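Following: one structure in structure tokens, then a few remarks.
Protein chains: 2
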Amino acid sequence: MKQSPNTRTQMADIARLAGVSASTVSRALSGHPAIALATRERIAELARSLNYQVNAGAANLRKRTNPTIGVLLLNDNMQAMSDPFILKLLGHIADELDQRGMALLLRRAAPNDPSSMAAMVDSGQAGGLIVIGQNSLNQDINALFARGIPMVVWGAKLPDSAYPVVGSDNEQGGYLATRHLIEQGCERIAYMGEYEHAEAHLRHQGYLRALQEAGLSSSAHLHIHASFDSRGARARFADWLQAGHRFDGVFCISDVAALSAIAELTDRGIQVPEAVKVVGYDNIELGAYLHPTLSTIDQPTQLAAQHLVEGLLQLMQTGQALSQRLPTRLIARESSATNKLQLFAM
Amino acid sequence: MKQSPNTRTQMADIARLAGVSASTVSRALSGHPAIALATRERIAELARSLNYQVNAGAANLRKRTNPTIGVLLLNDNMQAMSDPFILKLLGHIADELDQRGMALLLRRAAPNDPSSMAAMVDSGQAGGLIVIGQNSLNQDINALFARGIPMVVWGAKLPDSAYPVVGSDNEQGGYLATRHLIEQGCERIAYMGEYEHAEAHLRHQGYLRALQEAGLSSSAHLHIHASFDSRGARARFADWLQAGHRFDGVFCISDVAALSAIAELTDRGIQVPEAVKVVGYDNIELGAYLHPTLSTIDQPTQLAAQHLVEGLLQLMQTGQALSQRLPTRLIARESSATNKLQLFAM
DNA sequence: TTGAAAGCGCTAACAC
DNA sequence: GTGTTAGCGCTTTCAA
Chain W
16 MKQSPNTRTQ
26 MADIARLAGV
36 SASTVSRALS
46 GHPAIALATR
56 ERIAELARSL
66 NYQVNAGAAN
76 LRKRTNPTIG
86 VLLLNDNMQA
96 MSDPFILKLL
106 GHIADELDQR
116 GMALLLRRAA
126 PNDPSSMAAM
136 VDSGQAGGLI
146 VIGQNSLNQD
156 INALFARGIP
166 MVVWGAKLPD
176 SAYPVVGSDN
186 EQGGYLATRH
196 LIEQGCERIA
206 YMGEYEHAEA
216 HLRHQGYLRA
226 LQEAGLSSSA
236 HLHIHASFDS
246 RGARARFADW
256 LQAGHRFDGV
266 FCISDVAALS
276 AIAELTDRGI
286 QVPEAVKVVG
296 YDNIELGAYL
306 HPTLSTIDQP
316 TQLAAQHLVE
326 GLLQLMQTGQ
336 ALSQRLPTRL
346 IARESSATNK
356 LQLFAM
Chain B
16 MKQSPNTRTQ
26 MADIARLAGV
36 SASTVSRALS
46 GHPAIALATR
56 ERIAELARSL
66 NYQVNAGAAN
76 LRKRTNPTIG
86 VLLLNDNMQA
96 MSDPFILKLL
106 GHIADELDQR
116 GMALLLRRAA
126 PNDPSSMAAM
136 VDSGQAGGLI
146 VIGQNSLNQD
156 INALFARGIP
166 MVVWGAKLPD
176 SAYPVVGSDN
186 EQGGYLATRH
196 LIEQGCERIA
206 YMGEYEHAEA
216 HLRHQGYLRA
226 LQEAGLSSSA
236 HLHIHASFDS
246 RGARARFADW
256 LQAGHRFDGV
266 FCISDVAALS
276 AIAELTDRGI
286 QVPEAVKVVG
296 YDNIELGAYL
306 HPTLSTIDQP
316 TQLAAQHLVE
326 GLLQLMQTGQ
336 ALSQRLPTRL
346 IARESSATNK
356 LQLFAM
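Protein chains in written order, with this note's numbering: chain W, 16 to 361; chain B, 16 to 361.
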């Protein structure tokens, strides 16, 4: 917690060694044009050789800026939090910030404690917040935003969310996945996922639209209530299978859920894709290398990171930012391929 | 980048409103015993109602501390970086730091640019570093450590690494996995993984020890050179299969690689575990929910995070810290189960 | 082109 | 118990 106190070289040291004042060092190091080139280079070299870097905290205090963004990871499933999708997004956010010379302060928070969410901003540790895992915190986030906390959220735009949201076009994603299953010949397509969750809700809407468009029914029997993670997903799916519903396709809320579903089907000798076709959501890397390879909906994570960061910076500068809905893309692979199609009945 | 300048409430404001001096506010807010309880509560309440929190940067500057740790993610595979294992570890590190009231500054860096690795410490943004992804940077890390950068690395202890390392007992892990395969009746067990990589090397050593102990041969034909991620793994494995080597078991360097291997085998009609048994490494959540469920070596991520953080703090306080080798655990699941065992030959 | 001096928001002697 | 004052390491007017 304490860092070796007195030994650190600082600007005054460099100044002494260079035979100039601290102001000159400051200017030289920040590329101020008024400093003679020779001086500037001498100082830069000196700093380099001593591994000196301007103390960011002091500089920020003086300049009254803080080029640091807080990233808040809200996760239901604290224990595991192992969805590869999140890491991919986080990595891209880190890169986007890095490119702009900004730092990323990471915090994980249980979504049942919204009060502490703004701490990073209130304490000046971060100038703004990127929130991943909107969950059911719409109202809490609205409150913080109204209070003036600069924040952008990864998730889905709700009718009453006042804050800017960046997310994939979940409705479109659900639609694409379902239409694809229909095109592959499926007639009784189940939806496996959550309902209250904002993103899940929209994906479900897209699912319904595709069914309706094709004149297919969407009986409540075809709704499998399950979470994003594999933990619960497989068990819930098994329960549902037990009930003996007829179906020949499943659209799953996440790749991880889809893989669990495929495992359960395979375990019971139900062939994927011959008897049941499956499409997931997220396009996790692993999906491309399994058997069967997983059909899925791709969300552009790099673009997402870019919009999250740019949106937040714009919000901090101008006081407002637009929400962004990013296009999704169907990745058709083996798990939904047309083979010897047959309607499966338990 | 700029945060709304003048409007932020600060200590002086609270002081004015409370009719006391800034020092009193400072003391009250930090729980100094000398302040009358009534005053303290009044000030605390005032601060709460104004969402005031002490400016961390200013306080740190004055106290000459910085309760912030930098986490450096070094990754070969920058594009993807989606190994669930990393996110699990990162999440636990975040929690460990949070519990100690410390912040986590995250940076991703390409391992080919070791020069910038210490930037977070040199600029005073972080008091110390946790490095994830040792790769082949042993010498670079040694140099930084020698320079006095407080750092702890997740990886494997090499003979000439001077810095403290926290890692699972990779040799033991490789041994446990291989011995298990032997116990399950395998006689020709392949190793699929890297060699130069420190952790991989040790796992391979454990593999060799188990074979030797059982009097089994370890022909070079049984060495499949592949990376940790699924991208390359599946293709390399396919190539190797093409060559027609006889084998009845594979120990894979990661779960992600193991899943790719299983996919390739399944694709070719080679049954897992009947014809070939497979054991991975990492115990990613998904492995428990696939078909077949994946046998693997568990690395205790939470314990790892604890040791990384504690080790670093100790290093920063006392100037030294011990390396830690954490126990691994075999998780035997379906992919290595004994069924109708048969030696598979291409 | 460079230096002196003030001050960013806070804490901690030292006073009373 | 509480206030006054100095100063953490830096940047930036202002003056030279």
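The C-beta atom is built at its ideal place from N, Cα and C for all residues, glycine as well. What you are looking at is a predicted structure, and each value in this text was computed from that prediction instead of being measured.
Query	Result
Using Cβ-Cβ distances below 8 Å, what residues of the region 69 to 81 of chain W are close to chain B?	Val69, Asn70, Ala71, Gly72, Ala73, Asn75, Leu76, Arg79, Thr80 and Asn81
Check whether the region 108 to 115 of chain W and the region 46 to 66 of chain W are in contact - that is, three or more C-beta pairs closer than 8 Å.	no
Along the chain, where does the alpha helix (DSSP H) containing Ser183 (chain B) start, and where does it finish?	Where Ser183 (chain B) is concerned, there is no enclosing alpha helix (DSSP H), although the beta strand (DSSP E) it sits in stretches over Val180 to Ser183.
May I ask you to list the residues that DSSP assigns as paired with Asp297 (chain B)?	B:Asp313
Give a yes or no on contact between the region 206 to 224 of chain B and the region 137 to 155 of chain B, applying the rule of three or more CB pairs nearer than 8 Å.	yes
Please list, in chain order, the residues of the region 125 to 139 of chain W that have any C-beta partner in chain B closer than 9 Å.	Ala133, Ala134, Met135, Val136, Asp137, Ser138 and Gly139
How many angstroms separate the CA atom of Ser232 (chain W) from the CA atom of Asp244 (chain B)?	41 Å
In terms of residues, what are the limits of the beta strand (DSSP E) holding Met132 (chain B)?	Premise fails: Met132 (chain B) is in no beta strand (DSSP E) and is neither H nor E.
Which residues of chain W have a Cβ atom closer than 9 Å to the Cβ of Asn157 (chain B), listed in chain order?	Residues of chain W passing the Cβ test: none, with the nearest at roughly 16 Å.
Quick one: Cα of Val168 (chain W) to Cα of Arg123 (chain W), how far?	15 Å
To the nearest angstrom, how far is the alpha carbon of Val287 (chain B) from that of Pro126 (chain W)?	40 Å
At the 7 Å Cβ level, is Ser363 (chain B) part of the contact set with chain W, yes or no?	What is shown of chain B runs 16 to 361, which leaves residue 363 (chain B) out entirely.
In chain W, what lies closer than 8 Å to Tyr296 (chain B) by C-beta?	In chain order: nothing, as chain W lies at least about 15 Å away.
To the nearest whole angstrom, what separates the beta carbons of Val293 (chain B) and Ser310 (chain B), a pair I think is in contact under 8 Å?	7 Å
So, for Asp313 (chain B): in the same chain, excluding its five sequence neighbours on each side, which residues have a beta-carbon less than 6 Å away from its beta-carbon?	Asn298, Arg344 and Ile346
Please report how far the alpha carbon of Val180 (chain B) lies from the alpha carbon of Asn66 (chain B), in whole angstroms.	41 Å
Within its chain, find whatever has a CB closer than 7 Å to the CB of Phe252 (chain W); leave out the 5 residues flanking it on each side and keep chain order.	Met207, Ile239, Ala241, Ser275, Ala276 and Glu279
Between the Cα of Asp128 (chain B) and the Cα atoms of B:Ile156, B:Thr22 and B:Leu104, which residue gives the shortest distance?	B:Ile156
Identify the contact partners of Thr39 (chain W) in chain B, using a Cβ-Cβ distance below 8 Å as the criterion.	Simply none; closest approach about 20 Å.
So Ala118 (chain W) and Thr83 (chain W) are supposed to be a Cβ contact under 8 Å. How far apart are they, rounded?	4 Å
Closest Cβ-Cβ distance between His306 (chain B) and chain W: below 7 Å?	yes
Expressed to the nearest angstrom, what Euclidean distance is found between the alpha-carbon atoms of Thr24 (chain B) and Arg115 (chain B)?	26 Å
Taking CB distances under 7 Å as the criterion, tell me whether Gly247 (chain W) reaches chain B.	no
Whole angstroms is fine: what's the gap from Asp254 (chain W)'s alpha carbon to Ala205 (chain W)'s?	14 Å
Would you say Glu300 (chain B) lies against chain W (beta-carbon separation less than 7 Å)?	yes
Rounded to the nearest angstrom, what separates Tyr178 (chain W) and Leu337 (chain B) at their Cα positions?	47 Å
Would you kindly report the start and end of the unbroken beta strand (DSSP E) that includes Arg162 (chain W)?	Premise fails: Arg162 (chain W) is in no beta strand (DSSP E) and is neither H nor E.
Can you give me the C-alpha to C-alpha distance between Val271 (chain B) and Thr193 (chain B), rounded to a whole angstrom?	18 Å
Quick test of your reading: Gly221 (chain W) and Glu186 (chain W), contact by CB under 8 Å. State the CB separation rounded to the nearest angstrom.	4 Å
What is the rounded straight-line gap between the Cα of Leu76 (chain B) and the Cα of Asn70 (chain W)?	9 Å
Mind listing, in chain order, the continuous alpha helix (DSSP H) runs of no fewer than 4 residues lying wholly within the region 173 to 239 of chain W?	185 to 198 and 213 to 228
What separation, rounded to the nearest whole angstrom, lies between the Cα atoms of Tyr190 (chain W) and Asp113 (chain W)?	35 Å
Are there 16 or more other CB atoms within 10 angstroms of the CB of Asp175 (chain B), so buried, or fewer, so exposed?	exposed
Measuring only the C-alpha atoms, how far is Ser234 (chain B) from Ala303 (chain W)?	31 Å
So who's on the other strand from Val86 (chain W), going by DSSP bridges?	W:Leu121 and W:Ile145
Buried or exposed: which applies to Gly264 (chain W), given that a residue is buried once 16 or more other Cβ atoms fall within 10 Å of its Cβ?	buried
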